[in-house]
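The listed protein sequences derive, respectively, from chains G and D.
Quick note, the first sequence lines up with residues 0 to 529 if you use numbering that gives the first Met the number 0.
Quick note, the second sequence lines up with residues 0 to 529 if you use numbering that gives the first Met the number 0.
Protein chains: 2
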Amino acid sequence: MSTASPTTCQPVLIAGRWRDAAVADQFRATDPNQNRPIETDFPVSGWSDIDEALSAAAAAATELRRTPPEKIAEFLEAFADLIAADAEALVESAHLETGLAKQPRLADVELPRTIGQLRLAAAAAREGSWAMPVIDTKASIRACYESLGPVCVFGPNNFPFAFGSCSGGDFAAAIAAGNPVIAKANSSHPETTRRFAALALTAIESTGLPPATVQLIYRTSHTDGERMVADPRCGASGYTGSRHAGLALKAAADAAGKPIYLELSSVNPVVITPAALAERGDALVDEFVGSVLMGAGQFCTNPGLILLVKGEASDRFVAAVTDKFAAATPGTLLSPAVTRSLGQAVDTLVTAGAKLLTGGGEPLPDRCARANTWLSATGSQFLSDPEIFQTEAFGNASLVVVADDVAQLVAVIESLEGNLTGCIYSANGDDDAYSPIAFALAPKVGRLLNDKMPTGVAVSPAMNHGGPYPATGHPGFTAVGIPAAIHRFAKLTCYDNVRQPRLPALLRDANPTGKTWRNIDGQWTCGDVG
Amino acid sequence: MSTASPTTCQPVLIAGRWRDAAVADQFRATDPNQNRPIETDFPVSGWSDIDEALSAAAAAATELRRTPPEKIAEFLEAFADLIAADAEALVESAHLETGLAKQPRLADVELPRTIGQLRLAAAAAREGSWAMPVIDTKASIRACYESLGPVCVFGPNNFPFAFGSCSGGDFAAAIAAGNPVIAKANSSHPETTRRFAALALTAIESTGLPPATVQLIYRTSHTDGERMVADPRCGASGYTGSRHAGLALKAAADAAGKPIYLELSSVNPVVITPAALAERGDALVDEFVGSVLMGAGQFCTNPGLILLVKGEASDRFVAAVTDKFAAATPGTLLSPAVTRSLGQAVDTLVTAGAKLLTGGGEPLPDRCARANTWLSATGSQFLSDPEIFQTEAFGNASLVVVADDVAQLVAVIESLEGNLTGCIYSANGDDDAYSPIAFALAPKVGRLLNDKMPTGVAVSPAMNHGGPYPATGHPGFTAVGIPAAIHRFAKLTCYDNVRQPRLPALLRDANPTGKTWRNIDGQWTCGDVG
């Protein structure tokens, strides 16, 4: 914590106005490339900030229910344009606060993706198919998804743009559904989030949305965060981050009957069959090392666990990865907290009996970083305590588990918790190994990949960036992919015997856009009723 | 509790076998028409029964994942046929245990509905559109809903067939998604549930499904019930019943990250605008009285709260309802527990200041019943303590709230918790009243009705039998309506770069039935890919 006076803190955005926070405390972000605090103070908001934000959001939610989807789409597009125009400063800020490379990562990959998501969300809001209108003409019953109320978004440390609380997927989905957002910045990149909020406010003003459609606070006490997601004025929450903090918010939201969508932790098992290893082991080494070490391994879908069957080919694979890990310059980690927790996770695995093949040790002295770390365990070791061997080591570390045979490998898979992804690398004619592995793995993951590393998460309508607990809080929802991600922030409303002019436009006889997909009497169509 | 020896207890159905329960205690149901216990002992199962059921269900779930949907459909249809053939005995048993009329209610309405739901679920399982396949050909990513694992179903007291744990909507939806069911009978009609389980086992045997596809226990301790829904082997749970018991199960399931779908309590507000009351007040009296007193008011969607604006027409309405309530013979309540809790709820309302217009007092002596009860409060009274005035009086009772004007009526609506339904009766040209009322009411309810009482719940694909908390546990799901109700018991799985023959049939290029709706590159179609 800084000792500077509270009045020098950056302002919060509440009810359409930048103003001094009700400062309960203050904090600074760190430049991980220097491992040194950045000289800007941000406030930890007291409850009165949150209380005011919730009231303003509730009023905005009511107003947004009267706002045509077209205007919401215009806001999202205006915001996307402003982001594109401010790209250089955003990239500069995010680089300073996260240590992520300006190019290609921030400027060429994450920012275009973020802008693309906002445009997709705009298109979805405009078209309305996301609301899944269902019309039963005989029974005179019609239903669709509708906005839910203020959505609190807690963004993660690892994607300051694409999952950012004021710019990312949860934000875009919540707005597209017609909800205001209260963004809780990730404490590791508050200035970047502040810039997004400023652009959002400009877009709000230019398109005439309610001023409190987007609000920003930087940090709260745990108690106030839990109170916020459980507040009667809150419609739902989205959280991406550590399991511990996420589960505390989930408990509070659950007890109040408020939906909360979580993306927590995942070790993202990668299985390579013996035949695939024999066929193309060397190429797989490069593919795997690239996926693990990219971005210092700080992806939700980073392959933290790789499963092999013992033999000469797997010995070679493990040795080659050891060499490459040792030779590669470790990437910079996002923050001192990440550096610390990565060290703790590696210690946990080593204490449990995992063998340290390379890496480990103390953090690097001058920046947030640790040696690339590669550990191994046998299938029997893993099965003796699956929970401990599934400890997520978020960062540039991975654990290889070498099973005695395919049967033991399947047993290891059966002992896994829920994960976002699971990958299987196999060879042609390899079905005897593939089938039992895939059958065991599919129920454990949100996305099953073949011959492909999990670190890319395409923005596709067929994407599932989700998975069984504890990867997320519910196995039926995805955090990436338009329109599916929007459903999370909506309520189903049914209109029974309601007269035409009183129905929402999406449910009237005439298709509101001529392009909206609706299910009419069991048939999907863009046509009108009758 | 009976004092008979445990060995005379009815058997439980576990792992395909009727066997003696691990009896922790025992109980008898009551014939509410006599207010007298029925002379059959049922076991309260200890944990070992549940443990065995969960293991058998987990094994069955694995086997069901390899079972073609066609076979699941055949089972549901065979079960429906067996129910139709056993109708007389089922109606006899349910009448004895619940006091519900054999005709028309049980034989002519609820049983045909139940059979119809099972057939609809069979058709949905066969067709596969419920799984919402989404195919992105360019990205080579494909996703659909898939089975989730064993589903624990807790049925309510008020629909022994249509919402029964071994026959009703949750059961049908869970099976259609490919999950085994562990049915927890409602303790008020264990024999009826036992009959359904026996028919289900016959249908399982004739169609060759895994024997543990349907299992039955009658009752557990609260602790064991909570342990069951949180068990790693459980996929999800469905619960319909009282708020108190439901929330205890929800807390346990939530903490373990297990989906649980709840239908709890609802007062189902009915609003009549002054113009509608002036136009057709007498007809509305009959409609309202019929809806409240039907089945002794024991429907989830029973109108327990009616909102009027003060004036002569509403005075007349209230007086006419008073007379009709006083004149009508009270229906029989489902059980001594319902009789007791109805009395408590009326006491709570009276203590809060509601005026007892008719009814109240002691229960009737010879059967489970109470006088039809009609209470009133002013809008100001309601607003002074909305929580207490929303106490659900499950049974033949209703509260009228008379507001000073439309503005106060809207304030009352804004103070409501989540409900399953909300009704508005209005007149032509009544939009000045209708609009603010509907705008306030829609976000509070799962289903908004016009000029229609809420007590009918059509089995329509557009139905939402759900609503915001505490009506249910999540505002995005419906418990009635095929296919939407099926999604609750499924997980989303995405296949990324998976080769054609390794994809689930629903996601391969060829449409598996030629009739399955799939979203291919943004277009809904029953066609093939390419």
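Even glycine gets a Cβ: it sits at the ideal position worked out from N, Cα and C.
Taken in chain order, the members of the region 480-495 of chain D whose beta-carbon sits within less than 7 angstroms of a beta-carbon on chain G are H486, A489, K490, L491, T492, C493, Y494 and D495. Counting only Cβ-Cβ distances below 7 angstroms, P435 of chain D has no contacts in chain G at all, with the closest Cβ about 11 angstroms away. Taking the CA atoms as reference points, A251 of chain D sits about 7 angstroms from V228 of chain D. The CB of F476 of chain G comes closer than 8 angstroms to the CB of L491 in chain D, given here in chain order. The region 96-115 of chain G and the region 154-164 of chain G touch, with three or more beta-carbon pairs separated by less than 8 angstroms. Among the residues of the region 438-453 of chain G, those with a Cβ less than 9 angstroms away from any Cβ of chain D are F438, A441, P442, V444, G445, R446, L447, L448, N449, D450, K451 and P453, in the order of the chain.
When Cβ-Cβ separations below 8 angstroms define contact, V497 of chain D makes contact with chain G. Counting only runs that start and end inside the region 47-100 of chain D, the alpha helix (DSSP H) elements of at least 4 residues fall at 68-84 and 86-97. Annotation for P482 of chain D: A123 and W129 place their beta carbon closer than 6 angstroms to its own, counting only its chain and skipping 5 residues before and after.
The DSSP assignment places 133-135, 140-146 and 150-153 as complete runs of the beta strand (DSSP E) inside the region 129-177 of chain G, in order along the chain (cut-off: 3 residues). Interface with chain D (8 angstroms Cβ-Cβ cutoff): M462 of chain G is included. Annotated as proximal: L356 of chain D and L374 of chain D, with beta-carbon spacing under 8 angstroms.
A contact is defined here as three or more CB-CB pairs under 8 angstroms, and the region 84-99 of chain D fails this definition with respect to the region 174-182 of chain D.
Sixteen is the threshold: when 16 or more other Cβ atoms of the shown chains lie within 10 Å of the Cβ of Q25 of chain D, as they do, the residue is buried.
Per the C-alpha coordinates, the member of D:T347, D:A277, D:Q522 and D:F488 positioned closest to D169 of chain D is D:F488.
In this structure, L415 of chain D and P210 of chain D do not form a Cβ contact; the two beta carbons are roughly 47 angstroms apart against a cut-off of 8 angstroms. The straight-line gap separating the alpha-carbon atoms of G294 of chain D and L333 of chain D is approximately 9 angstroms. DSSP lists G:V150 as the bridge partner or partners of A235 of chain G. For S459 of chain D, the neighbours in chain G by C-beta distance under 7 angstroms run, in chain order, D135, A138 and I140. When Cβ pairs closer than 8 angstroms are counted between the two stretches, the region 235-252 of chain D is seen not to touch the region 443-453 of chain D, the count staying below three. Here D30 of chain D is buried: its Cβ has 16 or more other Cβ atoms, across all protein chains shown, within 10 Å.
Under the criterion of beta carbons closer than 8 angstroms, D40 of chain G and T7 of chain G qualify as touching, at roughly 5 angstroms. As summarised for the region 235-260 of chain D, the continuous beta strand (DSSP E) elements at least 3 residues long and confined to that stretch are 235-239, given in chain order. Taking a beta-carbon distance threshold of 8 angstroms, Y468 of chain G counts as an interface residue toward chain D. Fewer than three beta-carbon pairs drawn from the region 342-349 of chain D and the region 308-323 of chain D are found closer than 8 angstroms, and the two stretches are therefore not classed as touching. Taking E109 of chain G as the centre and dropping the five residues before and after it, the same chain places the C-beta of F158, F160 and A161 closer than 7 angstroms to its C-beta, in chain order. Using a Cβ-Cβ cut-off of 7 angstroms, G256 of chain G is close to Y468, P469 and G472 of chain D, given in chain order. Distances from the alpha-carbon of V456 of chain G to those of G:T420, G:G358, G:T471 and G:Q9 put G:T420 closest.
Non-local C-beta neighbours of G310 of chain G in its own chain, meaning closer than 7 angstroms and more than five positions away in sequence, comprise P273, ordered along the chain. Taken atom to atom, the span from the alpha-carbon of W46 of chain D to that of A21 of chain D is near 8 angstroms. Within chain G, the C-beta atoms nearer than 7 angstroms to that of L147 of chain D come from P474, in chain order. Contact annotation: T512 of chain D and E76 of chain D have beta-carbon atoms that are not nearer than 8 angstroms. Taking 8 angstroms as the cut-off between beta carbons, the residues of the region 239-267 of chain D near chain G are K249, A250, D253, A254, A255, G256, K257 and P258, in sequence order.
Neighbourhood of W523 of chain D in chain G, by CB distance below 7 angstroms: W516 and W523, in chain order.
Take the alpha-carbon of E145 of chain D and the one of K490 of chain D: they are about 5 angstroms apart. Here DSSP, grouped into helix, strand and coil, assigns P453 of chain G to coil.
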